[in-house]
Amino acid sequence: MIAKSLAIDVLNAGLETGADFAEIYLEQNNASFLMLENGKTESALSSTTYGAGIRLLNKLQSVYGYTNDLSRKGLMKLATSLAKSFKGERLLTVEKINKVRVKNVHKYEKPLSEVSREEKIALLKEAYDVMSNYDKRIVRIQNTFLNSRKVVTIYNSDGKRLDDFKERGRMAFVAIASDNGKIETGFEGPGATGGMEFFTAKISVKETAHHVAELAIKMLTAEECPSGKMPVVIGNGFGGVVFHEACGHSLEATAVAKKLSVFSESLGKQIASPLVTAIDDGTIPNGWGSNNIDDEGNKTQRNVLIKDGICTSFLIDSFNGRRMNMKANGACRRESYKYEPTSRMSNTFIAAGKSNPEDIIAATKLGLYAASMGGGSVNPATGEFNFAVSEAYIIRDGKIAEPVRGATLIGSGADILKKIDMVGNDLLRAQGMCGSVSGSIPADVGQPTIRISEILVGGRGGVLK
Amino acid sequence: MNNKKFFELAKKKGLTATEIYSAKKSSLSFELFHSEVSSYSASDSFSMSARGIYNDKFGVAITEKVNKDTPEVLVNEIIANAKVIEKADKALLFKGSEKYQKRNLFNKEIEAISIDQKLKNLYEIESKLKQADPRVVEIEGVQYSEDAIEVNLANSYGLNLKNKSNYYVYAASVVVKQNDEVKTGYKVLLSNDPKELDIDKFVKEVIVDATRKLGGTQCDSKKYPVVLSPKTAASFLDPYLESASAEEVQKHSSLFIGKLNQAVASKKVTILEQPLLKNCFFRYFDDEGVATTNKKIIEKGILKTYLYNLETAQREGTSTTGNGYRGGSKMGVSFVNPSIKPGRLSEADLLAKVKTGVYISSVQGLHAGLNPQSGNFSLQAEGFMIRDGKIAEPLSLITVAGNLLDLFLSVRDVANNSELQLSGITAPSLLIKSLAISGK
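What follows is the structure, given as structure tokens:
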């Protein structure tokens, strides 16, 4: 996006006042969004994000700025103004830049940027047909298709230039069911780094659509969820959002480096039940949260965060790594050039255990089966979290009984990890968007079916009997 | 980009009307951690959203890349997008209102204060936080940021509206520890008037927010009379008012369907929208170029109006209420400066009305735990027991569950302690007849 000679000049302008590291992150992201309301294309949008972020580091201080004026004048002005916040002498000068080869591990059989709007709409309509024919009580259906092609170039004062690109796509299905003044919704949002083949061959759009419609109707007729402390079995796939929120965020260097996380001092210590092994893997080919390189140019890695209950690793970016005296492990991410990058999750999941999911249910006398989860949030300093359950049933005498709606799971991460007393063998990953300091980024969550021996359930249905 | 060039090219290619909405933003922010500037950020950005009507349908294209090819790229994308639109509504662009209540609320004083002075304020906040209470074990960060935004809405009918605004934010967050219990507290000050920063008051509020949570327990799970803090009341007001959107009503997703001129809240509740209020959220035209007006949405519990943009108004053969705002990819319906009209009693008076109950100081996880379509919510909350009309022991990790419509219908009283939240919503404390609380 800019000439090498300009990059060298900009880096050197940034280094003038004593910064020990300088980086230019250039990005162009072309996205397309299509939305169908009740089977009719209601909105079609194209967007281009385009700009550069400049980062200067000086020991434990960072300076960041961005612009979408990529002319020599625009970039030099930004670098010079950022450099003003340091008051030292120049430590280094960039003489030359060498291109570092970035290996692309993702396959794109039919890149989404080359698929016509009409073809995507036809697929959305297939989903709509399934949903609208499912039940008359489904009153509103939304189907969306979002895809983007992001091209990135990174230059830094280590004399490196890295070029990468990625294409991602995600469909979303929403069914809103209404009866007697009650309204309930069903949602699924499958996505991947990859091409159209993910939606036409890897997953079944019709099955996903059917499940969403079924869920909305099921919840419409469900009773209010009881409240209080109880054993909870959390289903595989998106159930992994519990680990993501309750534990994953607290293992990010963003919180750990400043000792603001409950796990800051936990390396090598038992923080979870011995049944728990948890992994963040940014290398999975075509994974929704995968990247060839992270957003500061390091190769992504498979990081084992917890092994048999022992905390074995954090997610580390190079800047926070300085404070921790630890090396970066490919976990530095950002939404776009408008964000200073920091340590974030990619595809994060609890590894498969040994139990059959049926046996986990059968071993539970009275409790809640949270078959699928909604979103949630966490306070990394206290580890306190909350999650909405989007599909839930009461477990009675080891069997899945009546559906219940409006359940929330509340607890603290450190406590809940120790209370995982059964781990299934049915690991599954699911897609989500993770929001934090460096913006909203695609991330996979995942887990097999697990049981938590006791957790606080919020709901409006009184005491569980 | 030259707007005129774009309008002309669009006309030549068969677009009947076009619009450019551009926003120029400059931001500055810095943060202190352990008495050092740990981050500093400065940025300038520009984005342009172009809409055009082709065969009576809208196409939309947004870009941040501006060069000589931009008009052509935008026109081509608009046409390609418009071609796939199937909805029945005829696309409309606005020719202009008769009168606009334009006001310049851009405050030059914000930029005029030196960066050194702004940094000094942060150092002072940090050092005062450290000394304020022995239980403070960490200051998570003390931040300052300021934004200036210039928007321009122009269309091929000759409408050309501009607005320039700015604001600043101070934020601080502390960790307190007592025995093994860890709690956090924070405070955010948002304003466009530098005189509003009172460092001692700010510091005190951060400390109180954290320390008053210590010693937290869980209460018995049952229904309690509840007092909502101004912040909590504001958290509920936002999703509640989504139901006033004509878009939601027309799509069967509103709690207010068929409720015009009927009770949707208790008699104690009056809800206003005041886009012309002189604060940093001020808007004199909406995103479609329509002049905004102050209005009552709910008066003494009765729903007085739905909120319309051009399209939703056209569907019902009525006029827009000046509530067209961009939400993601499309022109939706939204509101600016909404508030619950304050009552006469103080918060203490409200508490005095409750023998045993729960005071909710904040709720978390609204994006997942509250469904604006059904109104059902089940949320993580923190607060205090109310005993004999007074705040008693703190409560943590409790949940509060209910339904939005029921909640506003069961408001027993409204206090006079209105506060403007970061979200742009103003609300006072509310006394609610009862809500389900889970704890033990």
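Protein sequence lines, in the order shown, are assigned to chains V and X.
Take the first sequence: its position 80, counted from the start at 1, is 96 in this note's numbering, and no numbers get skipped.
Take the second sequence: its position 334, counted from the start at 1, is 567 in this note's numbering, and no numbers get skipped.
Even for Gly, the Cβ is constructed at its ideal location relative to N, Cα and C.
Because the structure is a prediction, the values reported are computed rather than measured.
In the DSSP annotation of this structure, the continuous segment of the alpha helix (DSSP H) that includes X/F641 starts and ends at 637-642. Taking the C-beta atoms as reference points, X/K533 is found no nearer than 8 Å to X/L505. The beta carbon of X/L392 sits closer than 6 Å to those of G329, G522, all from its chain and outside the five residues before and after it, given in chain order. The C-alpha of X/I593 is placed about 30 Å away from the C-alpha of V/K274. Secondary structure of X/G557 (DSSP, three-state): strand. When beta bridges are read from the DSSP output, X/F266 appears opposite X/E269. Spatial neighbours of X/Q597 in its own chain (CB-CB distance under 6 Å, excluding positions within 5 residues in sequence) are listed in chain order as Q613.
In the DSSP assignment, V/M246 falls within the unbroken beta strand (DSSP E) covering 244-250.
The beta-carbon distance between X/I432 and X/Q495, rounded to whole angstroms, is 48 Å. This is too long to meet the 8 Å contact definition.
Close partners of X/S278 in chain V (Cβ separation under 8 Å): G67, Y82, T83, N84, K354. Under DSSP, X/Y539 takes part in no beta bridge, so it has no partner. DSSP, read as helix, strand or coil, puts V/L231 in helix.
V/I192 reaches chain X at S486, Q606, counting residues in chain order whose Cβ is nearer than 7 Å. Within chain X, not a single residue places a beta-carbon under 9 Å from that of V/V26; the smallest gap is close to 15 Å. Per DSSP, the unbroken beta strand (DSSP E) holding V/F403 starts and ends at 400-412.
Contacts with chain V (Cβ-Cβ distance below 7 Å) from the region 275-307 of chain X involve A275, S276, D277, S278, F279, G292, V293, A294, I295, T296, E297, K298, listed in chain order. Secondary structure at V/E418: strand, using DSSP grouped into helix, strand and coil. Shown here for V/A344: same chain residues with a beta carbon closer than 7 Å to its own, the five before and five after excluded, namely N314, I332, D333, S334, G337 in chain order. Straight through space, the alpha carbons of X/D646 and X/G576 are spaced by roughly 8 Å. The Cβ of V/S62 sits closer than 8 Å to at least one Cβ of chain X. Counting only Cβ-Cβ distances below 8 Å, V/N159 has no contacts in chain X at all, with the closest Cβ about 13 Å away. In terms of CA proximity to X/K666, X/D639 leads the group X/I658, X/I311, X/D639.
In this structure, V/A225 sits away from V/A99, with a CB-CB distance that is not shorter than 8 Å.
Rounded to whole angstroms, the Cβ separation of V/V228 and V/F203 is 6 Å, and the two are in contact under 8 Å. Residue burial annotation: X/K428 is exposed, with fewer than 16 other C-beta atoms found within 10 angstroms of its C-beta. The three-state reading of DSSP puts X/M281 in strand, counting E and B together.
Bounds of any beta strand (DSSP E) do not take in V/D174, whose DSSP letter is neither H nor E. Interface criterion not met: the Cβ of V/F203 is under 8 Å from no Cβ in chain X.
Counting C-beta atoms within 10 angstroms of its own C-beta, X/L326 has 16 or more neighbours from the protein chains shown and is therefore classed as buried. Taking C-alpha positions only, X/P472 is separated from X/G561 by approximately 17 Å. Assigned with DSSP and collapsed to three states, V/R445 falls in strand.
The closest CA to that of X/L653, considering only X/K673, X/S595, X/N570, X/L394, is found on X/N570. Put simply, the CB of X/F266 is near chain V, with a gap under 8 Å to one of its CB atoms. DSSP places V/G390 outside any alpha helix (DSSP H); the residue lies instead in the beta strand (DSSP E), whose first and last residues are 382-395. By the Cβ test, the region 390-408 of chain X is in contact with the region 367-374 of chain X, since at least three Cβ pairs between them sit closer than 8 Å. With its beta carbon less than 8 Å from one in chain X, V/E134 belongs to the interface.
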